[in-house]
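Residue numbers (the working numbering): 576 to 723.
The block underneath contains the structure these notes are about, expressed in structure tokens.
See the structure below:
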């Protein structure tokens, strides 16, 4: 097959799709010189393919580094435990119950209600009176302004 026939065979159809099929072998250095030149020339003129080619380079670099990692013995068990959806047997019943309780939609309303009740009780049994609050705030602000 002549060079011209190879070019026509490689470029028939959508050009970007044809180039994308060759990105991984291009980065791995597995393409022959003619295909390598075609992919390089297309990527030089096509911003979308150039971006995709750079992403393939990063991905292949990351994958090669990940292949060198040796996981410890508990890795597989940890992955299966976290992805299986089965609750951790070591987790406390109270922890699960509290989590379910706190995730209820009414939880924030109930906390606000309890906070209001606590403030009312504190206000009733202390010297804090509602009418005195504006004067206390003014005093606090003037004290803050006078402090260097």
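Built from N, CA and C at the ideal position, the CB exists for glycine as well.
Q. Counting along the chain, where does the alpha helix (DSSP H) carrying residue 653 start and finish?
A. Taken as a continuous stretch (DSSP letters only), the alpha helix (DSSP H) holding residue 653 covers 650 to 658.
**Q.** Environment of residue 618 [buried if 16+ CB atoms lie within 10 Å]
**A.** Counting every other CB atom within 10 Å of its CB across the protein chains shown gives residue 618 a total of 16 or more, marking it as buried.
Q. At which residues does the alpha helix (DSSP H) containing residue 611 begin and terminate?
A. That run of the alpha helix (DSSP H) goes 608 to 620.
Q.
Whole angstroms are fine: how far does the CA of residue 635 sit from the CA of residue 626?
A. Going from the Cα of residue 626 to the Cα of residue 635 covers about 14 Å.
(Q) Less than 6 Å between C-beta atoms, sequence neighbours within five positions excluded: which residues of the same chain meet that for residue 688? (A) Counting only residues of its own chain and dropping the five nearest sequence neighbours on each side, residue 688 has no CB closer than 6 Å to any other CB.
Q. Where do the ends of the alpha helix (DSSP H) carrying residue 718 lie?
A. Here the alpha helix (DSSP H) through residue 718 covers 708 to 721.
Q) Below 8 Å between beta carbons: does that hold for residue 597 and residue 614? A) Yes, the pair counts as a contact, with Cβ atoms nearer than the cut-off.
Q: Consult DSSP for residue 631 and reduce its assignment to one of helix, strand or coil.
A: Of the three classes helix, strand and coil, the one that applies to residue 631 here is helix, per DSSP.
Q: Check each candidate in 620, 622, 639, 623 and name the one with the smallest Cα separation from residue 602.
A: Selection 620, 622, 639, 623 evaluated against residue 602 yields 639 as nearest (Cα-Cα).
Q) Relative to the C-alpha of residue 621, which residue among 646, 604, 595, 632 is closest? A) Nearest option by C-alpha distance: 595.
Q) What do you get for residue 624, buried or exposed, if any count of 16 or more other CB atoms within 10 angstroms of its CB means buried? A) Note on residue 624: 16 or more other CB atoms within 10 angstroms of its CB, so buried under the neighbour-count rule.
(Q) Rounded to whole angstroms, what is the Cα-Cα separation between residue 608 and residue 644? (A) Taking the straight line from one Cα to the other gives about 33 Å.
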